[in-house]
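Q: Residue 1903 in this note's numbering sits at position 885 of the sequence shown; the count goes up by one each step and never skips.
Don't be surprised by glycine CBs; every beta carbon is placed ideally from N, CA and C.
Please read these numbers as outputs of a predicted model, since none were measured by experiment.
For reference, the structure I am asking about is given below.
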Amino acid sequence: MKRTPLPLAQDLSGKTYWRSLNELAGSPDFVDALGREFPPGAIEPPADGDGVGRRTFLSLMGASLALGGLVGCRRPVEQILPYSRAPEEVIPGQPLFFATALPMMGTAFGVIVESHEGRPTKIEGNPKHPESLGATTIYTQAAVLDLYDPDRSTSPREGANAKSWDDAATFLRAEGDKLRGRGGKGLTILTEAHRSPTLAARLADLRKTLPEARVVRYEPFSRDAAREGARLAFGRPLETALDLTKARVIVALDADLFGTDGSPVKQARGFAAGRPVDKDPKAMNRLYAVESTFTITGASSDHRLRIQSRKIPAFTFALAAELGKRGVALDADLLKAIEGKSGGLDAKATRYAAAIAADLAESRGQGAVVAGRSQPKEVHALVHLINAALDNTGKAVRLVAPFDESREGPEAIVELARSIERNEVETLLILGGNPAFDAPADARFADALAKVPVSVHVSTHVDETSERSRWHLNRAHSLESWGDVRAEDGTASIVQPLIAPLFGGRTDAEVIELLLGGSRTAYDLVRATWLTAEGAKRTEQDLRRALHDGVLAGSELADEQVAAAPQGAVEALRAFAPAAAEGLEVTFRPDVHAWDGRFANNGWLQELPHPMTKLTWGNGASLSPSTAARLNVKDGDVVTLSGAGASVRIPVVVAPGQADDSVAISVGQGRRAQLRVGRGVGVDTTPLRKSDAFELAGGFSIERAGEVAELARTQEHFVMEGRPLAREGTLAELQSDPAFAQKQVHVPPLLSLFKEPNRRQGHAWGMSIDLNACIGCNACVVACQAENNIPVVGADGVRETREMHWLRIDRYYQGTDPNEPESIQQPLPCQHCENAPCEQVCPVAATTHSPEGLNDMAYNRCVGTKYCANNCPYKVRRFNFFEYGRPDSEQRKMQFNPNVTVRSRGVMEKCTFCVQRINHAKIEAKREGREHIKDGEIVTACQGACPTRAIIFGDLNDQQSQVSVTSASPRGYRLLDEINTKPRVTYLAKIRNKNPELADA
1019 MKRTPLPLAQ DLSGKTYWRS LNELAGSPDF VDALGREFPP GAIEPPADGD GVGRRTFLSL
1079 MGASLALGGL VGCRRPVEQI LPYSRAPEEV IPGQPLFFAT ALPMMGTAFG VIVESHEGRP
1139 TKIEGNPKHP ESLGATTIYT QAAVLDLYDP DRSTSPREGA NAKSWDDAAT FLRAEGDKLR
1199 GRGGKGLTIL TEAHRSPTLA ARLADLRKTL PEARVVRYEP FSRDAAREGA RLAFGRPLET
1259 ALDLTKARVI VALDADLFGT DGSPVKQARG FAAGRPVDKD PKAMNRLYAV ESTFTITGAS
1319 SDHRLRIQSR KIPAFTFALA AELGKRGVAL DADLLKAIEG KSGGLDAKAT RYAAAIAADL
1379 AESRGQGAVV AGRSQPKEVH ALVHLINAAL DNTGKAVRLV APFDESREGP EAIVELARSI
1439 ERNEVETLLI LGGNPAFDAP ADARFADALA KVPVSVHVST HVDETSERSR WHLNRAHSLE
1499 SWGDVRAEDG TASIVQPLIA PLFGGRTDAE VIELLLGGSR TAYDLVRATW LTAEGAKRTE
1559 QDLRRALHDG VLAGSELADE QVAAAPQGAV EALRAFAPAA AEGLEVTFRP DVHAWDGRFA
1619 NNGWLQELPH PMTKLTWGNG ASLSPSTAAR LNVKDGDVVT LSGAGASVRI PVVVAPGQAD
1679 DSVAISVGQG RRAQLRVGRG VGVDTTPLRK SDAFELAGGF SIERAGEVAE LARTQEHFVM
1739 EGRPLAREGT LAELQSDPAF AQKQVHVPPL LSLFKEPNRR QGHAWGMSID LNACIGCNAC
1799 VVACQAENNI PVVGADGVRE TREMHWLRID RYYQGTDPNE PESIQQPLPC QHCENAPCEQ
1859 VCPVAATTHS PEGLNDMAYN RCVGTKYCAN NCPYKVRRFN FFEYGRPDSE QRKMQFNPNV
1919 TVRSRGVMEK CTFCVQRINH AKIEAKREGR EHIKDGEIVT ACQGACPTRA IIFGDLNDQQ
1979 SQVSVTSASP RGYRLLDEIN TKPRVTYLAK IRNKNPELAD A
């Protein structure tokens, strides 16, 4: 049992913060848990047969992180042999860094990959790339783990029989010869929404050689609605690329700008850049979020309106009408077409529409209105016209030519399935994707695929689509192959391999090359594209520069010059009918852990807490507290969700901030393929997803199934006794009293029992975390895991509060109404206290203080008493209850960072401020003959990944360093400073730029 805590400091802010509904209600179970060091059963060894034994952990960890006997080299060698003469650039122990790019989310993220002796171990953002700007998402961070996934396909297969690539090449060439004889009739190629110029060039060649062949694009979460909206508004499909650095007023209409919509890294960076509260508070932007599900965008907003997604069109119509009243030059026929269609909005929503319209009208040319991917094309068309009328287009809202104008939403794959039913498809080549799993339910694509005489699926895993195809061809991972990709703004990057293909996989372009009878490699194809692409004559030096920088100079697209042509939008809006108002609405979201299912076998992502619900290892049906109470369900209750002629059984997640009578479910879990980590995790919700209601559906109902699921949820883990932790205020409060955050807790005069050393000599490492910039995206958490060899523990381990993350993000709700809270995110690493409570209780001095202020761990001295974890008021220490890190030590080493010790069972671990990077910088400085370490020379893993640059690390003894400057901000405060731990981490209070018109809304 934990000792009774010291009297808690009074929170003088007058606000109520809570992490869960149980905490808000003060439930007996929650109060009892506060007095426990560990949850019930967490300190006892697992009983036989409970499914939590050593074998389960070894299976899980082996699948996520072990890859046996593989040694890699990025040179195109046929065999891996010991170096008889080492390459000149390879120095044992010194990593190399290579620029490449990873396609994702309808764009591409430029990355820098760290490689140790030909073995990629860590991914960072490329500061020269406009989509990453030196930062990453959780998915780009986790891509390196997918590279080493032992469940990846190791060879081509025909049916259940393994084949060689020679066999596959022979088959493809023969099939190509047969197709040429009939001009390609009967051939359909199904691709993802790729952005590869080389693949596009090969498909163009195929159309010339086989003119009757069809190419179909499909993406489970596409940008079709936005492009079609542009077609209605401007007469042609266009891609939207946001530059939020130029926006003073941002309106997100069901758009998760920092999570799943558009280009989240670039958008988050632009948003944070527009909030310079310490330098120029008056220049602070204002963000409005109008949404049904509480997203990290809504949590970061200054004002959030909780509204059903099916009412977003009505809200947009009301917004346009209010803008028209304020003299914004919207087309008269357009305003007439939406007249009377904003009914159903309550008084609060109407008030929001008026206030937002006034704010936008006052900031003409400095605003951005953004509709989310899930909204229909008519809403996107109206939003495009609103931005054009406000003179936002060409500024904060850029419009560029799309990479491919073809439709890539549900209609495309439904039509393909119908063509198969009509026996019009004799050969189907599927390049990537998993349509048998994620296609609309009414397409019945899995059944249709079985009827195709010749079906070929190119994929990294033998997944649900491969299992139903005649041939499966193993696909190369992006980190082990040559390729290219364009970002949403057109910026081109060459994708280069960091390691030889582990299983001999090929790229999509190589497969098309074989079908056309050629034999060029991916390297040859990429060179051919860029030496003569678009008529440009480039040299070898140009390509080398592109490889070095990660971007091809001058490849970005110019903004399209557009003029409003609203007639198409007017006709569409006249005929527009919103989603059915009866019953519950259901919104379909990409799964945070698995996206559309492609990351389901990634243990890092499965164990990463959802940024708002804090759910791991699965998915659920999110309901508002009011709706849950009306339906008489609670957290974990399994319900039957029925509608659209189908039903699924899924556990309930009661989610504060969720719109009433709206159910948010994610797509991507419930995989059935042979995946050791992802198989059977969560619930497959695709049976509910129909092509005519692919993102949003109405008319659903919920019934209790009589079962309860134990959710692996972290929201009540490591609660810090109700102390005032996250601090925030309004812009008006900041301008009235810049040091308001420091006065929210009374800090008495503090005395130490010990003689304190002089910390003003040498280095004094410290960190600042700006809560005004932090969006809670979790990129820092995955980056820390990748850098520091942090293991996963599985769903059962999470339920027992044994997750091993060194850095967690605490999500706090604020307010007394659980249906209408605000939210604030607070990253929490080890605070590296100068008066560290953990150091005082360790009986073997395993945790000690370094002369530079780091709280160090000597792993081989730790005997596992856990006294330090019990005495840490921040709850940031993690204990290895099992041998999480060593399922097979020889295999595991291939993915690990060699500069970080792999911890064993019985050892405590926690954040080290990436001490290996600190020591590397010190060694480099010494080697170069200098004592001073430059500010910014050391970048911790969490700092490097952060899209908004909320985290800053450096030397506090360097008064000119950025960390010293930010730590001295009047907004700065130290966590639990009142108990005299003297942490080295300074937090900067969050500031919200409230609209006075909505002060009491």
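Quick check: the Cα distance between L1403 and P1255, rounded to an integer number of angstroms?
A: Spanning the two alpha carbons is a distance of roughly 14 Å.
Q: Evaluate the contact criterion for the stretch 1769–1776 versus the stretch 1952–1966: three or more CB pairs, one atom per stretch, below 8 Å.
A: No contact exists between the stretch 1769–1776 and the stretch 1952–1966.
Q: How far does the beta strand (DSSP E) with R1722 in it extend, from its first residue to its last?
A: Looking at the DSSP string, the run of the beta strand (DSSP E) that includes R1722 is L1714 to V1726.
Q: Note the first and the last residue of the continuous beta strand (DSSP E) segment covering W1783.
A: Its beta strand (DSSP E) spans residues W1783 to D1788.
Q: Can you give me the C-alpha to C-alpha distance between Y1541 and G1501, rounded to a whole angstrom?
A: The alpha-carbon atoms of Y1541 and G1501 are separated by roughly 7 Å.
Q: Using the three-state DSSP reduction, which class does K1284 fall into: helix, strand or coil?
A: It is helical.
Q: In three-state terms, what does DSSP make of D1274?
A: Coil at D1274, not helix or strand.
Q: Can you confirm whether the stretch 1234–1241 touches the stretch 1424–1442 when touching is taken to mean that 3 or more C-beta pairs between the two stretches lie within less than 8 Å?
A: These segments touch.
Q: Note down the Cα distance separating R1923 from D1788, rounded to an integer number of angstroms.
A: Going by the C-alpha atoms only, they are around 35 Å apart.
Q: Under 7 Å between the Cβ atoms of C1929 and C1848?
A: Cβ distance < 7 Å, so C1929 and C1848 count as in contact.
Q: Give me the residue from P1855, R1745 and F1899 with the minimum Cα distance to T1034.
A: With distances taken between Cα atoms, T1034 lies closest to R1745.
Q: Rounded to the nearest angstrom, what separates D1377 and R1817 at their Cα positions?
A: Computed Cα separation, rounded: 46 Å.
Q: If you draw a straight line from the C-alpha of P1015 to the C-alpha of I1808, how long is it?
A: Residue 1015 falls outside the range modelled here, since the chain spans only 1019 to 2019, and no answer is possible.
Q: Between L1446 and chain D, is the shortest Cβ-Cβ distance under 7 Å, so that the two count as touching?
A: Reference to chain D is not applicable here, since this structure consists of a single protein chain.
Q: For a quick check, are the C-beta atoms of W1635 and V1699 less than 7 Å apart?
A: For W1635 and V1699, yes; Cβs fall inside 7 Å.
Q: Going along the chain, which unbroken runs of the beta strand (DSSP E) with 3 or more residues stay wholly within the stretch 1422–1457?
A: Segments of the beta strand (DSSP E) lying fully in the stretch 1422–1457: 1445–1449.
Q: State the DSSP-derived secondary structure class of V1308, mapped to helix, strand or coil.
A: Strand, per DSSP.
Q: Which whole-angstrom value describes the C-beta separation of F1617 and A1160, a residue pair presumed to lie in contact below a C-beta threshold of 8 Å?
A: Going by Cβ atoms, the distance from F1617 to A1160 rounds to 7 Å, so yes, they are a contact pair.
Q: By Cβ distance, which residues of its chain are closer than 6 Å to L1250, with the 5 residues on each side in sequence left out?
A: A1399, G1586, A1587 and A1590.
Q: Use the C-beta contact count for I1668: other C-beta atoms within 10 angstroms, 16 or more gives buried, fewer gives exposed.
A: Label assigned to I1668: buried.
Q: Within a Cβ cutoff of 7 Å, which residues of the same chain sit near A1211, ignoring the five residues on either side of it in sequence?
A: Closer than 7 Å at Cβ, skipping near neighbours: G1124, R1235, E1237, S1240 and E1426.
Q: With distance defined between alpha-carbon atoms, name the residue in I1720, R1220 and A1804 nearest to L1449.
A: When only C-alpha atoms are compared, the closest one is R1220.
Q: Taking the alpha-carbon of F1718 as reference, which of S1660, A1527 and A1414 has the nearest alpha-carbon?
A: Answer by Cα proximity: S1660.
Q: May I ask you to verify whether the stretch 1601–1613 touches the stretch 1331–1338, counting CB pairs closer than 8 Å and requiring at least 3?
A: The answer is no - the stretch 1331–1338 does not touch the stretch 1601–1613, with fewer than three Cβ pairs under 8 Å.
Q: State the CB to CB distance for the pair D1320 and R2010, rounded to an integer number of angstroms; the pair is presumed to be in contact (CB under 8 Å).
A: About 5 Å; that satisfies the 8 Å criterion.
Q: CA-CA distance, T1445 and F1455?
A: Computed Cα separation, rounded: 20 Å.
Q: In terms of residue numbering, what span does the beta strand (DSSP E) encompassing N981 cover?
A: Beyond the ends of the chain as shown, which are 1019 and 2019, falls residue 981; an answer cannot be given.
Q: In chain order, what residues of the same chain lie with their CB nearer than 8 Å to the CB of C1851, ignoring the 5 residues before and after it?
A: The residues are N1873, T1999, K2000, P2001 and R2002.
Q: According to DSSP, is N1179 part of a helix, a strand, or is it coil?
A: The answer is strand: DSSP assigns N1179 an E or B state.
Q: Starting from S1982, trace the alpha helix (DSSP H) both ways and give me its first and last residue.
A: It spans Q1980 to S1985 - the alpha helix (DSSP H) in which S1982 sits, taken as one unbroken run.
Q: Pair every Cβ in the stretch 1487–1502 with every Cβ in the stretch 1455–1466, then say whether three or more of these pairs are closer than 8 Å.
A: In short, these stretches do not touch, since the Cβ pair count stays below three.
Q: Out of curiosity, what's the CA-to-CA distance linking Y1306 and V1529?
A: Y1306 and V1529: Cα-Cα distance of roughly 47 Å.
Q: Which residue comes first and which comes last in the alpha helix (DSSP H) that contains Y1370?
A: Per DSSP, Y1370 belongs to the alpha helix (DSSP H) from A1365 to E1380.
Q: Under 7 Å Cβ to Cβ from C1860, same chain only, skipping five residues before and after it: list those, please.
A: Correct list, in chain order: Y1885 and C1886.
Q: Would you give the residue range spanned by the alpha helix (DSSP H) that Q1016 belongs to?
A: Residue 1016 is absent from the model: the chain starts at 1019 and stops at 2019.
Q: Quick check on A1117: does DSSP put it in helix, strand or coil?
A: A1117 falls in the strand class under three-state DSSP.
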